[in-house]
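Written out below as structure tokens is the structure these notes cover.
Numbering (the UniProt record's numbering), first residue to last: 1 to 966.
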């Protein structure tokens with residue numbers, strides 16, 4: 001298998017230049033750079049870094065980490081290093097040495113155009129299927145791959161991660177990485193622990209991480225909870241230093257004066273930086289004579305000039321072989337780069353490329369007239385053998401990603417000088433270009449004469465005002481980069497940013513002040529953006545979404561906020577004079593050291609307090625940190641948009657459901673096992689391993705009552721009228737308390753530790769459940785036991801019918817039982833073939849929904865017991881729910897997916913994906929949104945219509961329970 005998967009990779013290394021790679025190595029625990037590897041003093045080779053990676057793969061390095069990140073800039077040799085590491089390990093295995101089996105994947109073979117059309121399905125199963133299909137000539141199935149990982153000592157090498165991330169939104173990119181990390185959880189027995197025999201190496205561009213610390217924290221936060229250990233290693237491929245460049249030039253240009261070549265490299269702007277990258281140095285070597293001549297003539301040489309020189313030299317090398325005129329081939333390359341970038345894929349088939357070329361030539365009359373005959377076969381051959389492209393097992397790609405970015409920049413630049421102004425509108429309508437592409441674009445524009453540059457900037461301003469949302473967003477992205485580099489750019493005030501998606505962007509900085517005064521931002525999406533030192537006076541942000549947006553040192557005078565969503569928005573050191581915040585949708589919006597401070601608006605927090613006195617409505621609300629351990633319980637407030645959670649860290653926390661802000665923390669001495677709101681929402685009840693249940697004031701956080709058991713309190717609940725409290729404990733007792741006085745009323749001796757308690761029949765009956773398989777019913781007024789049911793196995797799930805007349809229980813023996821809620825009599829059994837994990841009633845009580853570890857969900861007729869539907873996942877079913885109208889079913893599974901189903905036909909209508917097991921699902925009361933909780937430490941709110949996540953709530957551990965307010 002390894003050789004089959006590696007065959008393509010071997011092709012990409014033909015003619016590889018010798019390189020000496022240094023690396024900074026991050027230790028598993030320390031977050032500072034490690035000592036630099038010593039440089040080779042001989043003719044450069046790669047033994048240095050490859051041998052260190054072999055040592056890591058063998059487990060010989062400190063910490064024996066399972067995860068390694070190989071980082072480097074463009075052309076630093078990441079792919080070369082990954083391939084040579086694979087070769088080295090295969091050679092060592094062939095020699096009988098005990099090293100992991102290397103399995104190499106190049107993510108450039110992963111077509112993101114297909115992923116986009118499939119709704120960003122980045123689950124491990126899907127990713128592996130696509131990679132295996134595109135990486136081997138002979139079919140290797142996902143199961144064969146998994147079997148190899150489970151049974152062999154393996155090293156999985158994932159190259160070109162950045163080539164995919166650039167085409168994904170941050171959330172989708174994080175899900176992709178989490179899926180790749182799931183490789184570490186493939187075990188022989190299917191348990192939750194990581195496989196210590198498996199190692200994973202991810203190769204990616206360094207510029208995706210702004211600091212060494214961020215490299216560590218990024219990979220740390222993406223690790224699955226169940227991956228064994230906390231160690232990981234970061235290798236950063238360092239640029240060539242002066243000595244390495246000298247050694248390389250001396251070894252490859254023996255007839256040239258090495259010192260003079262170094263002087264030339266130093267004298268060209270940015271050339272020394274480019275020469276520090278091994279792949280680019282090889283390209284520079286071929287153009288140094290031309291560069292010397294340009295400098296002698298007093299001309300400025302930029303990086304874009306060098307790439308143009310590379311391209312020209314390659315075309316001249318093929319003189320006499322061309323069937324397509326050289327200038328036409330360049331035109332084809334620029335348009336091909338644009339098509340490839342827009343598609344989201346970095347590879348394409350020969351048939352697609354040939355068909356695209358013929359259509360392009362046929363639609364360009366000026367090009368076609370230069371050829372006396374229509375010769376498609378010759379043109380196809382010419383394009384297939386173009387130096388700029390590389391063939392890898394029947395799929396093509398650009399020879400290096402920097403060439404793709406260069407040709408894309410040329411296409412964007414050419415569009416600004418085209419005969420039709422519409423060409424620029426179309427050319428800029430693509431996925432956001434990389435900063436490297438914009439860097440090339442900047443160099444191209446700088447070469448224009450004043451008149452041409454003015455024309456280009458005017459065209460670009462037109463795109464920024466009249467293009468579609470992608471085009472206008474791209475112009476804005478270029479402006480932000482150009483302002484940082486002090487190069488020509490359109491005036492920001494000419495932009496129209498209405499309806500653009502700027503979520504998570506950083507806009508402006510202390511170094512340069514951005515003026516967006518009067519710029520339309522109607523309907524823009526600025527959620528989670530950071531806007532710093534920006535003028536937005538008289539801007540129209542009506543209808544814009546600014547959830548959790550941070551404004552710092554901004555002026556927004558006379559800004560139109562009509563219907564803008566300012567939920568969780570923070571204005572710090574801002575000027576909002578005459579801005580109509582009163583017409584915005586506000587929820588816990590914050591004005592911090594902001595003028596004017598006395599707007600007297602509801603749902604606004606102000607600090608410092610205004611001089612003239614402001615309502616102290618929020619004076620008792622304090623901000624605390626989140627949980628630091630597993631979430632054990634969760635409940636919505638009955639009337640307000642707040643969530644109550646309990647955790648093993650000993651805290652119960654209140655969260656704002658819209659902003660995700662933690663606004664109050666309540667402390668126990670040990671883990672909190674259960675939480676409950678009083679029916680009026682004014683009090684909170686918590687149960688803990690410290691053998692107590694506490695009653696709290698929900699507004700102030702003051703502890704009102706202490707209710708004591710002799711062992712841990714596992715369950716708590718209020719009576720429907722709020723006058724009584726029911727607690728269940730490890731001491732085998734359930735206790736009824738007077739909620740006002742805290743007085744003890746009844747002790748119900750269950751006989752086994754109690755895990756669940758509830759009130760039935762409008763508070764007249766009490767139910768207690770325990771892991772010994774029993775449910776007991778009690779008279780709430782007398783405390784007498786009025787019914788008992790005995791299961792043969794522990795009860796895994798329980799639910800009351802909507803009318804309160806029946807109880808549904810599920811046992812680990814696969815039996816689902818229906819009980820009369822008043823008498824405790826058994827009325828019907830539903831038989832399953834596996835452990836039933838979750839149950840639910842339809843809203844009208846006519847149907848029952850069950851989920852099992854056998855990967856199926858079943859719909860039953862509650863009256864007859866007939867099975868109506870069977871729905872399937874590829875993993876255990878963890879949670880099920882009915883929509884309030886009874887027309888749809890929601891299921892969650894440890895296959896990381898939640899499905900919405902048509903309750904009549906059983907057809908799947910929506911698929912939602914987390915980065916780990918989905919443990920809980922819930923419909924909103926109006927069945928327009930879905931709430932999911934996952935082992936990836938997040939709870940997500942999804943829009944049922946679009947299938948996109950609109951809100952993420954993040955925990956520090958698995959989310960095991962979710963619920964909506966009524």
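We put the CB at the ideal spot given by N, CA and C, even for glycine.
Under the rule that 16 or more other beta-carbon atoms within 10 Å means buried, what is residue i, buried or exposed?
i: residue 96; result: exposed
i: residue 44; result: Unreliable placement is indicated for residue 44, whose pLDDT of 37 sits below 50; the coordinate value is still reported in the next sentence. By the 10 Å Cβ count, residue 44 comes out buried.
i: residue 437; result: buried
i: residue 427; result: buried
i: residue 635; result: buried
i: residue 205; result: buried
i: residue 277; result: buried
i: residue 829; result: exposed
i: residue 934; result: buried
i: residue 306; result: buried
i: residue 953; result: buried
i: residue 737; result: buried
i: residue 948; result: exposed
i: residue 100; result: buried
i: residue 38; result: Here the model assigns residue 38 a pLDDT of 28, short of 50, so the residue's position is not dependable and the matter cannot be decided.
i: residue 485; result: exposed
i: residue 912; result: buried
i: residue 140; result: buried
i: residue 348; result: buried
i: residue 656; result: buried
From which residue to which residue does the beta strand (DSSP E) around residue i run?
i: residue 694; result: 692-697
i: residue 779; result: 774-779
i: residue 714; result: 713-718
i: residue 943; result: 938-943
i: residue 847; result: 847-852
i: residue 104; result: 101-106
i: residue 859; result: 856-861
i: residue 819; result: 815-820
i: residue 247; result: Taken as a continuous stretch (DSSP letters only), residue 247 belongs to no beta strand (DSSP E), being part of the alpha helix (DSSP H) at 242-252.
i: residue 570; result: 570-572
i: residue 48; result: That residue, residue 48, is in no beta strand (DSSP E); its alpha helix (DSSP H) goes 47-58.
So residue i and residue j are supposed to be a Cβ contact under 8 Å. How far apart are they, rounded?
i: residue 684; j: residue 698; result: 5 Å
i: residue 601; j: residue 582; result: 6 Å
i: residue 330; j: residue 311; result: 7 Å
i: residue 184; j: residue 198; result: 6 Å
i: residue 559; j: residue 538; result: 7 Å
i: residue 827; j: residue 815; result: So it is not a contact: roughly 13 Å between Cβ atoms.
Skipping 5 residues on each side, what residues in its chain have a beta carbon closer than 7 Å to that of residue i?
i: residue 405; result: 434, 436, 437 and 440
i: residue 732; result: 749, 750, 751, 752, 753 and 754
i: residue 163; result: 107, 108, 346 and 401
Closer than 8 Å to a non-hydrogen atom of the ligand COA - does that hold for the CB of residue i?
i: residue 654; result: You won't find the ligand COA in this model; it holds no ligand whatsoever.
Using a Cβ-Cβ cut-off of 6 Å (strictly less than) and excluding sequence neighbours within five positions of residue i, which residues of its own chain qualify?
i: residue 689; result: 670, 671 and 712
i: residue 719; result: 759 and 763
i: residue 924; result: 964
i: residue 839; result: 797, 799, 808, 810 and 850
i: residue 881; result: 840, 890, 921, 922 and 923
i: residue 249; result: 258 and 261
i: residue 82; result: 157, 159 and 203
Between which residues of its own chain and residue i is the CB-CB distance below 8 Å, once the five residues before and five after are set aside?
i: residue 214; result: Residue confidence is low: residue 214 scores 45 on pLDDT, short of 50, so the model does not pin down where it sits. No coordinate-derived value is stated.
i: residue 389; result: 383, 396, 397, 398 and 399
i: residue 585; result: 563, 564, 565, 566 and 567
Less than 9 Å between CB atoms is the rule here; does residue i satisfy it with respect to chain D?
i: residue 246; result: Within the model displayed, chain D is absent; a lone protein chain is all it includes.
So residue i is in the alpha helix (DSSP H); what residue range does that whole segment cover?
i: residue 140; result: Careful: residue 140 lies outside any alpha helix (DSSP H) and carries neither H nor E.
i: residue 163; result: 161-165
**Study point:** Whole runs of the alpha helix (DSSP H) within the segment 448-514, excluding any shorter than 4 residues
**Key:** 450-466 and 469-485
Exercise for review: Just list the beta strand (DSSP E) runs in the segment 631-709, keeping only unbroken ones of 3 residues or longer that don't cross its boundaries, in chain order.
Suggested key: 631-636, 642-647, 651-656, 662-667, 672-677, 683-688, 692-697 and 703-708
Practice item. Enumerate, from N- to C-terminal direction, the unbroken alpha helix (DSSP H) stretches of 4 or more residues contained entirely within the segment 281-323. Key: 303-317
Review point. What runs of the beta strand (DSSP E), each 3 residues or longer, lie entirely inside the segment 714-765?
Key: 724-729, 733-738, 744-749 and 756-760
Exercise for review: Write down every uninterrupted run of the alpha helix (DSSP H) in the segment 329-417 whose length is 4 residues or greater and which is fully enclosed by it, in chain order.
Suggested key: 350-363, 365-368, 376-384 and 401-415
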